[in-house]
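S.K.: For the record, in the sequence shown the residue sitting at position 43 is 43 according to full-length UniProt numbering, with numbers rising by one throughout.
Virtual Cβ for every residue (Gly too), placed ideally from N, Cα, C.
Attaching a single structure in structure tokens format; questions to follow.
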Amino acid sequence: MLVRRMESIDVEQVTALCEQFGYPASREEVEERFHHLQRLTEHQIFVVEDNGVVIGWIHVHGIHSLSSPPYVEVRGIVVDNRYRQQGVGRLLMTEAENWALENGYRVVRLRSGTQRPESHHFYPKLGYERTKTQHHYQKVLREP
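Now the structure itself:
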């Protein structure tokens, strides 16, 4: 298995993984988002490839805030259902942590939805501590 930065050629396979994990988006939407994120130095996306097939991805984002020291947030991590429990998630998280350290960050944070209880056992095995439970609010804005 090879961990590397995502490239344009990976968009189709990453789109399929998004769909598999419940993040439906068209190939065009994922491609547009990827190209936008590629230009932002505080964002990075890594993939795990096995024999030319992308079997997982992780998106990390360096954050600077008035309310806390700088940290990296895992914005998304997906592993193909057929490759779960085989160390792929661990590889991706290790790559995220290495990227964080290389870019001067000393803390990595992530959010794990209540609908994914299997994840709640995975992250503590990697040394992550649950620090809070919160509600997520969203408002869709409409142009006037």
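DSSP three-state call for Gly-113: helix, strand or coil?
M.R.: On the sequence shown, position 113 is the one that residue 113 refers to. In the structure shown, Gly-113 sits in coil (DSSP, three-state: anything other than H, G, I, E or B).
S.K.: Counting pairs of beta carbons, one from the region 46-62 and one from the region 84-101, are three or more of them closer than 8 Å?
M.R.: Judged by Cβ distances under 8 Å, the region 46-62 makes contact with the region 84-101, as three or more pairs qualify.
S.K.: For Arg-4 and Val-47, which I take to be in contact (beta-carbon distance under 8 Å), what is that distance rounded to the nearest angstrom?
M.R.: One-based indexing of the sequence shown puts residue 4 at position 4. One-based indexing of the sequence shown puts residue 47 at position 47. About 6 Å separates the two Cβ atoms, so the contact holds.
S.K.: Less than 8 Å between the CB atoms is what I'm expecting for Val-108 and Val-78, so what's the real figure, rounded?
M.R.: Within the sequence shown, numbered from 1, the residue matching residue 108 stands at position 108. Within the sequence shown, numbered from 1, the residue matching residue 78 stands at position 78. Actually they do not touch by this definition, with Cβ atoms about 17 Å apart.
S.K.: In terms of residues, what are the limits of the beta strand (DSSP E) holding Tyr-123?
M.R.: Numbered from its first residue, the sequence shown carries residue 123 at position 123. It is not in any beta strand (DSSP E) - Tyr-123 instead sits in the alpha helix (DSSP H) that spans 119-125.
S.K.: Can you tell me which of Pro-24, Glu-49 and Arg-39 puts its alpha carbon nearest to the alpha carbon of Asp-10?
M.R.: In the sequence shown, residue 10 corresponds to position 10, counting from 1. Closest by alpha carbon: Glu-49.
S.K.: Could you tell me if the beta carbon of Ser-8 falls within a distance shorter than 6 Å of some heavy atom in the ligand ADP?
M.R.: Absence of the ligand ADP from the depicted structure is noted, as is the absence of any ligand whatsoever, leaving it without description.
S.K.: How would you call Tyr-105, buried or exposed, if buried means at least 16 neighbouring beta carbons within 10 angstroms?
M.R.: Translated into positions along the sequence shown, residue 105 becomes position 105. Classification for Tyr-105: buried.
S.K.: Under a three-way DSSP split, which group does residue 152 fall into?
M.R.: The displayed coordinates of the chain run from 1 to 144. Any statement about residue 152 would go beyond what the structure contains.
S.K.: Could you check what DSSP says for Val-140 in three-state terms: helix, strand or coil?
M.R.: Here residue 140 refers to the residue found at position 140 of the sequence shown. Correct three-state label for Val-140: coil.
S.K.: Assuming contact is defined by CB atoms lying nearer than 7 Å, are Ile-63 and Met-6 in contact in what I supplied?
M.R.: For the purposes of this step, residue 63 is identified with residue 63 of the sequence shown, where counting begins at 1. For the purposes of this step, residue 6 is identified with residue 6 of the sequence shown, where counting begins at 1. Going by C-beta atoms, Ile-63 is not nearer than 7 Å to Met-6.
S.K.: Return the first residue and the last residue of the beta strand (DSSP E) that Val-3 is part of.
M.R.: Numbered from 1 along the sequence shown, position 3 holds the residue referred to as residue 3. From DSSP, the beta strand (DSSP E) with Val-3 extends over 2-5.
S.K.: Would Arg-74 and Ala-96 be called neighbours here (beta carbons separated by less than 7 Å)?
M.R.: Start at 1 with the first residue of the sequence shown, and residue 74 comes out as number 74. Start at 1 with the first residue of the sequence shown, and residue 96 comes out as number 96. For the sequence presented, residue 74 should be read as Val rather than Arg. For Val-74 and Ala-96, yes; Cβs fall inside 7 Å.
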